[in-house]
Amino acid sequence: MQFSKRALILSASAAALGALPTARAHGDQDHPAKAGPSRKEQKDWGIAGDPKAVKRTIEVRMLDTMRFVPDRIEVRLGETVRFAHHNAGQVMHEFVIGTRKELDEHAALMIRFPNMEHDEPYMAHVPPGQRAEIVWLFNRPGEFEFACLIAGHYSAGMVGKITVRAA
Ligand SMILES: [Cu+2]
3 MQFSKRALIL SASAAALGAL PTARAHGDQD HPAKAGPSRK EQKDWGIAGD
53 PKAVKRTIEV RMLDTMRFVP DRIEVRLGET VRFAHHNAGQ VMHEFVIGTR
103 KELDEHAALM IRFPNMEHDE PYMAHVPPGQ RAEIVWLFNR PGEFEFACLI
153 AGHYSAGMVG KITVRAA
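Letter by letter, the sequence shown follows residues 3 to 169 of this note's numbering.
What follows is the structure, given as structure tokens:
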């Protein structure tokens, strides 16, 4: 399931951009058998964190006004953060961390394929009234975003910023 989604993203990116992101294609070929939420893959915005390393929990509420509260988050480089999500709304919401470019591409796919299943360690899918959490290690500095990629939500502004600062 994950592999086919990744293939879908790669082929859609290729169609959109006219070129494959070679680093990613290479990585997929090297590690074809690894799948599942426990997989640790270095991304530009960090890597799946060890729950034992968590020293800080950030609560994030998801609202049907297509907003996250808070929508600005600052972390230190090297910090492992537990995000504790609460969907306070009546519809499904998601929390997906990424670069602006990755989220833009993924959101476009979600509009074309609204029922596409996707699950990665940097995502949470939270049904109405429910809670979820993810643990993420921010081991790359920079400006990143988090977004709800459910069709229509991202374009309605369901997005926030994460700044990772070197100490
Ligand atoms: Cu949403």
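The beta carbon of each residue, even a glycine, is placed where N, CA and C say it ideally should be. Nothing here was measured: the structure is a model prediction, and the numbers come from that model.
Enclosing alpha helix (DSSP H) for residue i [first to last residue]
i	result
E122	Looking at the DSSP string, E122 is not in any alpha helix (DSSP H), and its letter there is neither H nor E.
K103	R102 to R114
Whole-angstrom distance between residue j and residue i, CA atom to CA atom
i	j	result
K163	I75	6 Å
C150	E43	21 Å
R167	E81	10 Å
E61	D73	11 Å
H88	D66	12 Å
A110	D46	20 Å
R102	E147	6 Å
F85	I136	5 Å
A169	L79	6 Å
Q132	G159	21 Å
E107	N117	16 Å
T165	K54	23 Å
H33	I49	Residue confidence for H33 is low, a pLDDT of 40 falling below 50, so the modelled location carries little weight; the figure read from the coordinates is stated next. If you take the alpha carbons of H33 and I49, they lie about 16 Å apart.
Continuous beta strand (DSSP E) stretch holding residue i: start and end
i	result
L65	R58 to L65
A86	E81 to N89
A134	R133 to F140
V71	R69 to V71
Residue(s) in a DSSP beta bridge with residue i
i	result
K1	In the structure as shown, the chain begins at 3 and stops at 169. Residue 1 is therefore absent and cannot be evaluated.
G162	F148
A126	F97
Closer than 6 Å: residue i CB and nearest ligand 2 heavy atom
i	result
V56	Of the ligands one can find in the structure shown, namely ligand 1, none is ligand 2.
Item checked: Environment of ligand 1 in chain order, Cβ to heavy atom below 5 Å -> This criterion selects H95, C150, I152, H155 and M160.
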